[in-house]
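Using this note's numbering, you'd call the opening residue of the sequence shown number 53 and step up by one each time. Every residue gets a Cβ at the ideal spot worked out from N, C-alpha and C, and that includes glycine. Read the structure below first, then the notes.
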Amino acid sequence: MFEFLPCRTPALWIEQAVQNLDILLIDHAQCEKKAASTAMNLMYRYVDRPDLLKKMSQLAREELLHFEQVVGILEERGIKYEHISAARYASGLREHVRKGKDELIDILIIGAFIEARSCERFMALIPHLDDALAKYYRSLVRSEGRHYQDYLMLAKMYAEESIDDRIAFFAQVEKELIESDDDTFRFHSGPVVKQAA
Numbered sequence: 053m054f055e056f057l058p059c060r061t062p063a064l065w066i067e068q069a070v071q072n073l074d075i076l077l078i079d080h081a082q083c084e085k086k087a088a089s090t091a092m093n094l095m096y097r098y099v100d101r102p103d104l105l106k107k108m109s110q111l112a113r114e115e116l117l118h119f120e121q122v123v124g125i126l127e128e129r130g131i132k133y134e135h136i137s138a139a140r141y142a143s144g145l146r147e148h149v150r151k152g153k154d155e156l157i158d159i160l161i162i163g164a165f166i167e168a169r170s171c172e173r174f175m176a177l178i179p180h181l182d183d184a185l186a187k188y189y190r191s192l193v194r195s196e197g198r199h200y201q202d203y204l205m206l207a208k209m210y211a212e213e214s215i216d217d218r219i220a221f222f223a224q225v226e227k228e229l230i231e232s233d234d235d236t237f238r239f240h241s242g243p244v245v246k247q248a249a
């Protein structure tokens with residue numbers, strides 16, 4: 053996973069995550085729900101691909117379970133679950149998706165980056181969290197790591213040629229999104245640099 057991702061999470065983002073645990077958890081719940089939705093959408097669009105149907109069905113169930121678990125953590129901590137705006141991360145990756153026969157390949161590569169980054173962020177956060185949340189995030193590392201591998205395996209399976217160049221392209225886009233300054237803290241945001249008034 054660390055070889056796949058182009059960079060590590062910036063230390064400043066980790067500091068900000070610890071200071072904004074309520075936003076982190078709310079956005080984490082939203083990310084799990086979106087991940088399940090993405091898997092379901094792929095199942096509806098590509099009904100002729102049994103391997104994809106099986107993997108996405110499994111992934112959607114796991115992501116929905118994680119969503120329920122995070123909502124439960126929010127309740128336990130007295131944090132109200134509400135809609136917050138999305139990070140620019142996923143949309144910043146998706147704006148480069150090619151149309152036509154290569155669209156599925158790009159969507160699967162992006163899925164791999166999102167899942168791998170989630171896994172890397174859980175691992176980066178664990179040493180800085182209270183015991184209960186650290187234990188929960190530790191439990192997510194294995195499934196998120198498997199999800200990234202599933203997306204990558206499917207992309208390679210369905211591609212008509214090597215996808216190495218596309219992976220390298222999205223790695224550069226992903227690195228820019230993770231390392232560049234953001235204006236709003238989210239689970240997949242870059243560090244938020246407060247501008248002086």
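Candidates the options, of which the one nearest residue i by Cα
i    : options               : result
L76  : H199, L181, S232      : L181
H118 : V149, D79, M95        : D79
A91  : E55, E114, R140       : E114
Y188 : D216, P62, C171, L104 : C171
G242 : L185, R218, R60       : R60
V245 : F174, F54, L64        : L64
L192 : D217, Q71, I178, Y141 : I178
G130 : G163, Q224, L73, I215 : L73
R150 : I66, L185, R218, I230 : R218
Collapsed DSSP secondary structure at residue i in the structure displayed
i    : result
D202 : helix
V244 : strand
D234 : strand
N93  : helix
Y98  : coil
M108 : helix
V123 : helix
I215 : coil
H118 : helix
F221 : helix
E55  : coil
Contact set for residue i: own chain, Cβ-Cβ below 7 Å, skip 5 residues either direction
i    : result
F165 : L145, F222, E226
S109 : M95
Q247 : Annotation note: pLDDT 45 at Q247 (below 50); position unreliable, no value reported.
G197 : M53, C171
S143 : none
Y203 : L160, G163, A164, E167
Contact test: residue i Cβ vs the ligand HEM heavy atom, cutoff 6 Å
i   : result
L94 : In the structure shown, the ligand HEM is absent, as is every other ligand, since no ligand is present at all.
Cutoff 6 Å; reference residue i; Cβ partners in own chain excluding five residues on either side
i   : result
F56 : A168
Same chain only: Cβ atoms within 8 Å of residue i, ignoring 5 sequence neighbours per side
i    : result
K208 : I215
*asked:* Quick check: the region 118-125 against the region 151-161, are at least 3 beta-carbon pairs closer than 8 Å?
replied: no
*Would you be able to state if there are at least three C-beta pairs under 8 Å between the region 79-93 and the region 234-244?*
yes
_Whole runs of the beta strand (DSSP E) within the region 159-207, excluding any shorter than 3 residues_ = none
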